[in-house]
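> If you're matching them up, the sequences are chains A and B in order.
When we follow the working numbering, the leftmost residue of the first sequence carries the number 19, and every step to the right adds one.
When we follow the working numbering, the leftmost residue of the second sequence carries the number 140, and every step to the right adds one.
Before anything else, here's the structure in question.
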Amino acid sequence: MGIIRTEDLTYVYGEGTPFRKVAIDKINIDIDEGEIVGVIGHTGSGKSTLMQHLNGLLKPTSGKVYIDGEELFADKSRLKDIRFKVGLVFQYPEYQLFEETVYKDIAFGPKNMGLGEDEIDRRVRETARLVGLGEELLEKSPFELSGGQKRRVAIAGVMAMEPKVLILDEPTAGLDPRGRDRILGLIKEYHAEKGTTVLLVSHSMEDVAKTVSKILVLSDAKVFMYSDRSSVFARADELTSMGLTVPQVTRVFDRLRAMGIEFDDEVFSVDYAKDLVLKLLEEKRRH
Amino acid sequence: MIKDITIGQFFPGKSVIHRLDPRIKLLLTVMYIVMLFIAKSFSGLGVGIVFMLISFLLSGIPIKMMLKSIKPIVPIIIFTGILNLFFISSGDVLFEWKFIKITSGGVTTMVFMAVRIILLICGTSLLTYTTSPITLTDAIERILSPLKVIKFPAHEIAMMMTIALRFIPTLIEETDKIMSAQKARGADLETGSLIKRAKALIPILIPLFVSAFRRAEELALAMECRCYHGGEGRTRLKQLKTAPRDYVAVAIGALFIAAVILLNRFSPI
Numbered sequence: 019m020g021i022i023r024t025e026d027l028t029y030v031y032g033e034g035t036p037f038r039k040v041a042i043d044k045i046n047i048d049i050d051e052g053e054i055v056g057v058i059g060h061t062g063s064g065k066s067t068l069m070q071h072l073n074g075l076l077k078p079t080s081g082k083v084y085i086d087g088e089e090l091f092a093d094k095s096r097l098k099d100i101r102f103k104v105g106l107v108f109q110y111p112e113y114q115l116f117e118e119t120v121y122k123d124i125a126f127g128p129k130n131m132g133l134g135e136d137e138i139d140r141r142v143r144e145t146a147r148l149v150g151l152g153e154e155l156l157e158k159s160p161f162e163l164s165g166g167q168k169r170r171v172a173i174a175g176v177m178a179m180e181p182k183v184l185i186l187d188e189p190t191a192g193l194d195p196r197g198r199d200r201i202l203g204l205i206k207e208y209h210a211e212k213g214t215t216v217l218l219v220s221h222s223m224e225d226v227a228k229t230v231s232k233i234l235v236l237s238d239a240k241v242f243m244y245s246d247r248s249s250v251f252a253r254a255d256e257l258t259s260m261g262l263t264v265p266q267v268t269r270v271f272d273r274l275r276a277m278g279i280e281f282d283d284e285v286f287s288v289d290y291a292k293d294l295v296l297k298l299l300e301e302k303r304r305h
Numbered sequence: 140m141i142k143d144i145t146i147g148q149f150f151p152g153k154s155v156i157h158r159l160d161p162r163i164k165l166l167l168t169v170m171y172i173v174m175l176f177i178a179k180s181f182s183g184l185g186v187g188i189v190f191m192l193i194s195f196l197l198s199g200i201p202i203k204m205m206l207k208s209i210k211p212i213v214p215i216i217i218f219t220g221i222l223n224l225f226f227i228s229s230g231d232v233l234f235e236w237k238f239i240k241i242t243s244g245g246v247t248t249m250v251f252m253a254v255r256i257i258l259l260i261c262g263t264s265l266l267t268y269t270t271s272p273i274t275l276t277d278a279i280e281r282i283l284s285p286l287k288v289i290k291f292p293a294h295e296i297a298m299m300m301t302i303a304l305r306f307i308p309t310l311i312e313e314t315d316k317i318m319s320a321q322k323a324r325g326a327d328l329e330t331g332s333l334i335k336r337a338k339a340l341i342p343i344l345i346p347l348f349v350s351a352f353r354r355a356e357e358l359a360l361a362m363e364c365r366c367y368h369g370g371e372g373r374t375r376l377k378q379l380k381t382a383p384r385d386y387v388a389v390a391i392g393a394l395f396i397a398a399v400i401l402l403n404r405f406s407p408i
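Dropping the structure here:
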């Protein structure tokens with residue numbers, strides 16, 4: 019059994035009013051520990067709602083959520099502890115910063131966990147290093163930082179809680195390409211270093227393709243598919259009809275393959291594509 | 140859920156009351172309040188009740204909505220009721236036990252005050268149920284505009300009210316989001332002593348203030364980009380125009396006030 023499991027999870031907004039809307043409908047997922055999963059779906063497909071169920075911020079209308087084998091809402095007093103197991107980084111997390119210094123803000127979560135001074139200090143410094151915030155920034159006010167730095171502080175604040183599962187809701191929204199690559203890079207690094215299960219919510223296929231190994235596709239409040247990258251992208255036509263796109267490189271290489279050039283079918287990043295093309299040219303020259 | 144709080148409680152409709160000019164509606168509400176406060180007897184209040192009932196029936200607002208508007212003030216009614224009951228010692232003594240003394244004067248005042256408060260709330264709720272917040276601020280602007288002569292910023296004040304009303308739902312949504320985010324970081328908002336809970340609000344209030352200021356700045360910039368320069372020379376999309384029915388409504392209101400004054404003079408109860 020995986021670290022995250024849901025059973026017929028359903029959530030309805032505004033039950034009993036004219037605004038009734040089924041946000042997620044009978045979701046069954048099972049995610050293994052240590053996995054790095056991309057969650058995609060276009061606006062309103064229920065991504066954010068699903069994520070908020072995974073640490074008990076929303077109570078399911080029906081169905082169940084199991085975290086690490088333990089049912090959420092079975093025992094209310096356990097909810098807080100389970101919440102520490104699942105770190106949730108919201109969209110635009112920089113708007114939740116409030117402390118006087120970056121250090122104190124990152125320490126907010128660990129402090130709420132009731133950890134000792136030394137442990138908090140270790141965690142704050144370690145995560146700050148991990149997200150690429152220099153020591154000199156720690157004593158600054160978070161409101162003096164740039165947008166990208168603020169976001170990294172906010173992400174560090176959740177990472178410092180060292181959750182077993184880290185969920186990031188659109189962590190790259192509104193950032194420039196460099197900031198985006200930086201965030202995605204640090205997520206990958208964090209995953210590699212800690213072995214934490216990571217869920218990356220995004221509507222950008224390019225982001226997801228670069229970072230994750232498995233993809234969960236949501237469409238109209240339901241799970242469309244949950245599989246590894248290549249088998250998801252193999253259904254490019256269906257994805258397109260749902261308003262989702264396959265990464266551009268993948269599309270280019272799909273066409274090339276259709277034209278009869280031999281490539282492996284796991285081309286998701288431009289760097290990898292470049293290597294492939296160079297290798298192919300090299301071979302041609304030798305012949 | 141925090142989202143369920145409604146502040147602009149406008150209930151759309153096409154009744155006569157809805158179609159009355161908002162300025163006239165404001166005026167009538169003021170007249171109605173005067174009516175309730177000059178009434179000295181139950182018969183005077185009865186006139187107020189009749190006025191209320193007529194407007195209520197004409198408006199087509201469901202009775203459930205009206206009851207909902209009274210609900211939050213029930214504690215106030217009970218509180219003032221108890222005060223009146225125990226501390227007014229005029230009239231015959233109805234009940235006496237140790238230091239507690241209930242008199243007929245106390246009972247009458249209690250009922251009288253309770254009815255008056257309920258009528259007040261019903262009347263003002265009816266105004267907000269039948270007038271959208273935006274039209275209401277429009278009306279306030281127009282009513283206050285003669286004061287421009289003495290440099291009173293009527294347009295600016297109305298604009299501020301409109302913006303405040305517009306941003307209430309946005310800020311509520313934002314609060315919801317920040318609360319979830321801090322809860323996800325283990326913030327405990329529900330348990331602990333009063334001081335502890337007040338302290339727990341800091342992680343919510345600071346980001347909320349920061350974002351409110353940011354929004355204000357962005358809005359000001361956007362308004363300036365569109366050459367907004369206050370009320371002078373500004374025309375409106377929706378012109379307020381009085382129709383014959385508005386004058387009829389004012390006349391009816393005046394008649395009711397006259398009735399209350401007459402009853403005060405000649406009716407003992």
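Heads up, the beta-carbon is just placed ideally off N, CA and C, and yes, glycines get one too.
Model, not experiment: these values are computed from the prediction.
#1: Could you tell me which of 195(A), 192(A), 194(A), 174(A) sits nearest to residue 185(A), measuring between CA atoms?
#2: Rounding to the nearest angstrom, what Cα-Cα distance links residue 125(A) and residue 190(A) in this structure?
#3: Could you pull the DSSP bridge partners for residue 263(A) from this structure?
#4: Considering only their Cβ atoms, is the gap separating residue 181(A) from residue 168(A) smaller than 8 Å?
#5: Report the rounded CA-to-CA distance for residue 211(B) versus residue 200(B), giving the unit in angstroms.
#6: Do you know offhand how far residue 232(A)'s Cα is from residue 332(B)'s?
#7: Does the ligand COA have a heavy atom nearer than 7 Å to the CB of residue 401(B)?
#8: Report the residues of the segment 172 to 201 of chain A with a CB closer than 8 Å to any CB of chain B, ordered along the chain.
#9: Between which two residues does the alpha helix (DSSP H) carrying residue 298(B) extend?
#10: Can we say the segment 56 to 75 of chain A touches the segment 315 to 324 of chain B, given the rule of at least three CB pairs closer than 8 Å?
#11: Bridge partners for residue 235(B) per DSSP, in chain order?
#12: Keeping to the same chain, check which residues put their C-beta closer than 7 Å to that of residue 223(A); ignore five residues upstream and five downstream.
#13: What residues in the segment 378 to 390 of chain B bring their beta carbon closer than 7 Å to a beta carbon of chain A?
#14: Exposed or buried, what is residue 366(B) when buried is set at 16 or more other beta-carbons lying within 10 Å of its beta-carbon?
#15: Let me see if you follow: with CB-CB separation under 8 Å, is residue 78(A) close to chain B or not?
#16: What residue ranges within the segment 194 to 233 of chain B form continuous alpha helix (DSSP H) runs of no fewer than 4 residues, ordered along the chain?
#17: When Cβ atoms are compared, which residues of the segment 328 to 346 of chain B fall closer than 9 Å to chain A?
#18: Name, in chain order, the residues that DSSP records as bridge partners for residue 215(A).
#19: Quick one: does residue 325(B) have its CB under 8 Å from some CB of chain A?
#20: Excluding the 5 residues preceding and the 5 following residue 132(A) in the sequence, name in chain order all residues of the same chain whose CB lies nearer than 7 Å to its CB.
#21: Quick check on the DSSP output: the beta strand (DSSP E) that includes residue 30(A) runs from which residue to which?
#22: Suppose you measure from the CA of residue 267(B) to the CA of residue 108(A); what does that come to, to the nearest Å?
#23: On the DSSP letters alone, give me the boundaries of the alpha helix (DSSP H) that residue 65(A) sits inside.
#24: Whole-angstrom Cβ separation of residue 208(B) and residue 260(B), contact assumed at under 8 Å?
#25: Rounded to the nearest angstrom, what separates residue 189(B) and residue 153(B) at their Cα positions?
#26: Helix, strand or coil: which one does DSSP assign to residue 143(B)?
#27: For residue 343(B), count neighbouring C-beta atoms within 10 Å of its own C-beta (all shown protein chains included) and say buried if the count is 16 or more, exposed if not.
#28: Where does residue 310(A) sit, in a helix, a strand or coil, going by DSSP?
#29: Would you call residue 146(B) buried or exposed, if buried means 16 or more other Cβ atoms sit within 10 Å of its Cβ?
#30: So residue 215(A) and residue 177(A) are supposed to be a Cβ contact under 8 Å. How far apart are they, rounded?
#31: Let me know the secondary structure DSSP gives residue 232(A) once reduced to three states.
#32: Just reading off the alpha helix (DSSP H) that residue 95(A) is part of, what are its end residues?
#33: Less than 8 Å between the beta carbons of residue 161(B) and residue 278(B), yes or no?
#34: With 8 Å set as the bound, which would you pick, yes or no: does the beta-carbon of residue 265(A) sit closer than that to a beta-carbon of chain B?
#35: Quick check on residue 246(A): does DSSP put it in helix, strand or coil?
#36: Under 8 Å by Cβ, that's how I've got residue 287(A) and residue 210(A) pegged, so tell me the actual separation to the nearest angstrom.
Here's the rundown:
#1: Stepping through the first sequence from its first residue, residue 185(A) is reached at position 167. Measuring from the Cα of residue 185(A), the nearest candidate turns out to be 174(A).
#2: Within the first sequence, residue 125(A) is the residue found at index 107, counting from 1. Within the first sequence, residue 190(A) is the residue found at index 172, counting from 1. Near 23 Å, if we compare the C-alpha coordinates of residue 190(A) and residue 125(A).
#3: Here residue 263(A) corresponds to residue number 245 of the first sequence, with the count starting at 1. In DSSP, residue 263(A) forms no bridge with anything.
#4: Stepping through the first sequence from its first residue, residue 168(A) is reached at position 150. Stepping through the first sequence from its first residue, residue 181(A) is reached at position 163. No, the Cβ-Cβ distance between residue 168(A) and residue 181(A) is not below 8 Å.
#5: Here the question's residue 211(B) lines up with position 72 in the second sequence. Here the question's residue 200(B) lines up with position 61 in the second sequence. Roughly 18 Å between the two C-alpha positions.
#6: For the purposes of this step, residue 232(A) is taken as the residue at position 214 of the first sequence. For the purposes of this step, residue 332(B) is taken as the residue at position 193 of the second sequence. Roughly 46 Å separates the two Cα atoms.
#7: Although the ligand COA was asked about, the structure shown includes no ligands whatsoever.
#8: 175, 176, 179
#9: The residue you call residue 298(B) lines up with position 159 of the second sequence. Taken as a continuous stretch (DSSP letters only), the alpha helix (DSSP H) holding residue 298(B) covers 293 to 323.
#10: yes
#11: Taking the first residue of the second sequence as position 1, residue 235(B) is located at position 96. Paired residue(s): 240(B).
#12: By 1-based counting over the first sequence, the position of residue 223(A) is 205. 58, 262, 263, 264, 265, listed in sequence order.
#13: none
#14: Numbered from its first residue, the second sequence carries residue 366(B) at position 227. Exposed, since its Cβ has fewer than 16 Cβ neighbours within 10 Å.
#15: Sequence index remark: in the first sequence, residue 78(A) carries index 60 (1-based). For residue 78(A), the answer is no, since every Cβ of chain B falls outside 8 Å of its Cβ.
#16: 202 to 209, 213 to 226
#17: 341, 342, 343, 344, 345, 346
#18: Against the first sequence, residue 215(A) aligns to sequence position 197. Looking at the DSSP assignment, residue 215(A) forms a beta bridge with 183(A).
#19: Taking the second sequence and counting its residues from 1, the one referred to as residue 325(B) is at position 186. By this cut-off, residue 325(B) is an interface position.
#20: Walking along the first sequence from the start, residue 132(A) turns up at place 114. Cβ neighbours of residue 132(A) beyond the five flanking positions: none.
#21: Here residue 30(A) is taken as the residue at index 12 of the first sequence, counted from 1. Its beta strand (DSSP E) spans residues 22 to 31.
#22: Taking the second sequence and counting its residues from 1, the one referred to as residue 267(B) is at position 128. Taking the first sequence and counting its residues from 1, the one referred to as residue 108(A) is at position 90. In a straight line, the C-alpha of residue 267(B) is about 36 Å away from that of residue 108(A).
#23: Sequence index remark: in the first sequence, residue 65(A) carries index 47 (1-based). Run containing residue 65(A): 65 to 71, per the alpha helix (DSSP H) assignment.
#24: One-based indexing of the second sequence puts residue 208(B) at position 69. One-based indexing of the second sequence puts residue 260(B) at position 121. Confirmed, about 6 Å.
#25: Mapped onto the second sequence, residue 189(B) falls at position 50. Mapped onto the second sequence, residue 153(B) falls at position 14. Roughly 22 Å between the two C-alpha positions.
#26: As a first step, residue 143(B) is located in the second sequence; it is residue number 4 there, counting from the start. Bear in mind that the predicted position of residue 143(B) carries a pLDDT of just 46, short of 50, making it unreliable; the figure below should be weighed with that in mind. Here residue 143(B) sits in helix by DSSP.
#27: On the second sequence, residue 343(B) is found 204 positions in, with the first residue counted as 1. Flag for residue 343(B) reads buried.
#28: Since the first residue shown for chain A is 19 and the last is 305, residue 310(A) is missing from the structure and cannot be characterised.
#29: By 1-based counting over the second sequence, the position of residue 146(B) is 7. At residue 146(B), the pLDDT of 48 sits below 50, so the modelled position is not reliable and the matter cannot be decided from this model.
#30: Along the first sequence, one-based indexing puts residue 215(A) at 197. Along the first sequence, one-based indexing puts residue 177(A) at 159. 13 Å between Cβ atoms; not a contact.
#31: One-based indexing of the first sequence puts residue 232(A) at position 214. DSSP places residue 232(A) in strand when its eight states are reduced to three.
#32: Here residue 95(A) is taken as the residue at index 77 of the first sequence, counted from 1. Premise fails: residue 95(A) is in no alpha helix (DSSP H) and is neither H nor E.
#33: Mapped onto the second sequence, residue 161(B) falls at position 22. Mapped onto the second sequence, residue 278(B) falls at position 139. In contact: residue 161(B) and residue 278(B) (Cβ atoms closer than 8 Å).
#34: Residue mapping note: residue 265(A) aligns to position 247 of the first sequence, counting from 1. So no, residue 265(A) is outside the interface.
#35: Counted from its first residue, the first sequence places residue 246(A) at position 228. Note: residue 246(A) maps to strand in three-state DSSP.
#36: By 1-based counting over the first sequence, the position of residue 287(A) is 269. By 1-based counting over the first sequence, the position of residue 210(A) is 192. Not confirmed; about 16 Å, so no contact.
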